[in-house]
Amino acid sequence: MKKLIDFEIYGLLPVPGGFFFIKPNYLPNGQVRGDFYAYEAAGDSITPITKWVYFKAKFGGAYKEITSQMKDYVSCECGVLVGGEAVVLYPDGDFGVFNARGVATFTGTLKYHDETVNCVAPDGRNFWGVVPALNSIICYSIDDKRVQMRIGSQESTAFDNPVSIVRYGDRLFISNEGSRKVRIISLLDYAVSDYLKFEEPIKRFFIADGKEFVQLESGVYQL
Numbered sequence: 000m001k002k003l004i005d006f007e008i009y010g011l012l013p014v015p016g017g018f019f020f021i022k023p024n025y026l027p028n029g030q031v032r033g034d035f036y037a038y039e040a041a042g043d044s045i046t047p048i049t050k051w052v053y054f055k056a057k058f059g060g061a062y063k064e065i066t067s068q069m070k071d072y073v074s075c076e077c078g079v080l081v082g083g084e085a086v087v088l089y090p091d092g093d094f095g096v097f098n099a100r101g102v103a104t105f106t107g108t109l110k111y112h113d114e115t116v117n118c119v120a121p122d123g124r125n126f127w128g129v130v131p132a133l134n135s136i137i138c139y140s141i142d143d144k145r146v147q148m149r150i151g152s153q154e155s156t157a158f159d160n161p162v163s164i165v166r167y168g169d170r171l172f173i174s175n176e177g178s179r180k181v182r183i184i185s186l187l188d189y190a191v192s193d194y195l196k197f198e199e200p201i202k203r204f205f206i207a208d209g210k211e212f213v214q215l216e217s218g219v220y221q222l
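Just so we're aligned, residue 0 is where the sequence shown starts under numbering that gives the first Met the number 0, counting upward by one.
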């Protein structure tokens, strides 16, 4: 593995060709300013970007309208679905859906059996998320406003404190902090299999520019 980042970052955002991130800049007056950067895999380089470039990549074309309504743009997850809706989900369960013009069409709380759901992995008009407390993966429909499917359970060993999920084609990649594994769900038959195992807790796995990346407790690496 090649270590790319070993300093504190927030808001890691996979994008075509690499990823964006926010680095906290601690000012002498005690305030903290977020500086925005892009890592380009092809050139193995880190360059500064504007917050608007970051926002557009995260929230879609209506990013100005969406961010003007948000309490916090760093801690939330966002995915853009077929049809242009942006789904925004916070760690505490706050949940919002914005149409392609940035108008909020739904706001509320998303929980599954009273437990918070994390992550937004778009899949057509649905999205996949993780429920860490229940060792489960769920598929949520924004049209039906309900969970359509659950994989795993609190008693199951399929997932162990899953903390992030991403979809590539007909496969879901789930990062499990407890088992330190990336596991795969095939969307063809919903079979679960191991993919990667690490020596420390994993936060996120993703693919960009044909390369695989992982965020561990000690930093961000290219595999």
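By construction, the Cβ of each residue, glycine as well, lies at the ideal position given by its N, Cα and C atoms. Just so you know, these numbers come straight off a predicted model, no measurement behind them.
Spatially closest choice to residue i from the options, by CA coordinates
i: residue 171; options: 62, 137 and 38; result: 137
i: residue 41; options: 14, 153 and 20; result: 14
i: residue 82; options: 44, 46 and 124; result: 124
i: residue 194; options: 20, 158, 217 and 143; result: 158
i: residue 143; options: 96, 100 and 135; result: 96
i: residue 98; options: 114, 6, 134 and 60; result: 60
Cβ neighbours of residue i in the same chain (closer than 6 Å, five flanking residues each side left out)
i: residue 169; result: 186 and 187
i: residue 174; result: 162, 163, 181, 201, 203 and 204
i: residue 192; result: 183
i: residue 48; result: 35 and 37
i: residue 45; result: 36 and 38
i: residue 76; result: 88, 118 and 119
Spatial distance of residue i from residue j (CA atoms)
i: residue 102; j: residue 0; result: 43 Å
i: residue 178; j: residue 54; result: 33 Å
i: residue 204; j: residue 145; result: 27 Å
i: residue 9; j: residue 43; result: 20 Å
i: residue 100; j: residue 84; result: 9 Å
Chain-order list of residues whose beta-carbon lies under 7 Å from that of residue i (same chain, five-residue window excluded)
i: residue 131; result: 117, 160, 161 and 162
i: residue 108; result: 92, 93 and 94
Beta-carbon contacts of residue i that lie in its chain and below 8 Å, excluding the five residues immediately before and after
i: residue 120; result: 78, 126, 127, 128, 164, 165, 166 and 171
i: residue 215; result: 197, 199, 200, 201 and 202
Continuous alpha helix (DSSP H) stretch holding residue i: start and end
i: residue 120; result: Not the alpha helix (DSSP H): residue 120 falls in the beta strand (DSSP E), residues 117 to 122.
(request) Tell me, please, whether the stretch 27 to 41 touches the stretch 64 to 71 by the rule of three or more beta-carbon pairs shorter than 8 Å. (result) no
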